[in-house]
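Q: This structure is in structure tokens; I'll ask about it shortly.
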Amino acid sequence: MGTGYVFRCKDCGKEYGMSFGLGFGYSDECQKLRQAALSGELGDEWRRIMSENEYYIIKAENYLYYCRNCGRWEFGPKLSIYAPKDLEDLLEQQRGDKTVREWGYDPWGLMSKEDYKLIRRYRHVCPECKKAMKQYGEHDWESFHKLHLKCPDCNGELAFDESTGIMWD
Ligand SMILES: [Zn+2]
Ligand SMILES: [Zn+2]
């Protein structure tokens, strides 16, 4: 389940789509983020922690990040790391026609929130001013559509497309 929104630049017309929540390919996204962490793409600390246990996962849910200081924004997955609360118990759980142990990973990932605990919180920091960015999830759209986001290309004002906000399964 997820929601998608579109912002359009009033000056250059460029569109920015934001897809929140758990859509299709959620499990693949979790696997991709895991690989990115293991390859060192997300930094040394993330590589070290993720290599400690093959059932640690990174949430593939997207968020909008906004710097209240300079107005810079980014859209992308939250990179916090979650660990199974009880690994033995998780391995025996049925995911479709196989257990997590048989899959070799948890294809449902964080959709089964009660099975995981947060072990390392990722702080999204503004690349410009190094301040912590504020995070907005799909249910915060009433706040973030009032942020007056600027177009990263031309610095024009972005308009929220009222016709968007599509839900999908
Ligand atoms: Zn623009
Ligand atoms: Zn900033």
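The working numbering puts the first residue of the sequence shown at 91, with every later residue one more than the last. Just so you know, even glycine gets a beta-carbon here, dropped at the ideal spot from N, CA and C. Source: prediction; values computed, not measured.
#1: Using the Cα positions of H235 and F250, report the straight-line distance between them to the nearest angstrom.
#2: Is C99 a contact residue of ligand 2, with contact defined as CB to any heavy atom under 7 Å?
#3: Where R98 and E252 are concerned, what is the direct C-alpha to C-alpha distance, given to the nearest angstrom?
#4: Alpha helix (DSSP H) containing K122: first to last residue?
#5: Pick helix, strand or coil for G199, following the three-state DSSP scheme.
#6: If I'm right that Y206 touches K175 with Cβ under 8 Å, what's the distance once you round it to whole angstroms?
#7: Ignore the nearest five residues each way along the sequence and tell me which others in R158's own chain have a CB closer than 7 Å to its CB.
#8: Look at the Cβ atom of Y212, then the Cβ atom of A173, and state whether they are nearer than 8 Å.
#9: Taking buried to mean at least 16 other C-beta atoms within 10 Å of its own C-beta, is P209 buried or exposed?
#10: Can the beta-carbon of S170 be found less than 8 Å from the beta-carbon of K149?
#11: Here's the rule I'm using: 16 or more other beta-carbon atoms within 10 Å means buried, otherwise exposed. How should C120 be labelled?
#12: Following a CB-centred definition, is R213 positioned closer than 7 Å to any heavy atom of ligand 2?
#13: Just the Cα atoms here: how many angstroms apart are K100 and L237?
#14: Is the CB-CB distance between T189 and E178 below 8 Å?
#15: Over what stretch of residues does the beta strand (DSSP E) that includes L237 continue unbroken?
A: Taking the coordinates as given:
#1: 6 Å
#2: no
#3: 11 Å
#4: Y116 to L128
#5: helix
#6: 6 Å
#7: K224
#8: Not a contact, by the Cβ cut-off of 8 Å.
#9: It is Ile, not Pro, that sits at residue 209 in the sequence shown. Under this definition I209 is an exposed residue.
#10: Going by C-beta atoms, S170 is nearer than 8 Å to K149.
#11: buried
#12: no
#13: 15 Å
#14: no
#15: Neither: L237 is in no beta strand (DSSP E) and is coded neither H nor E.
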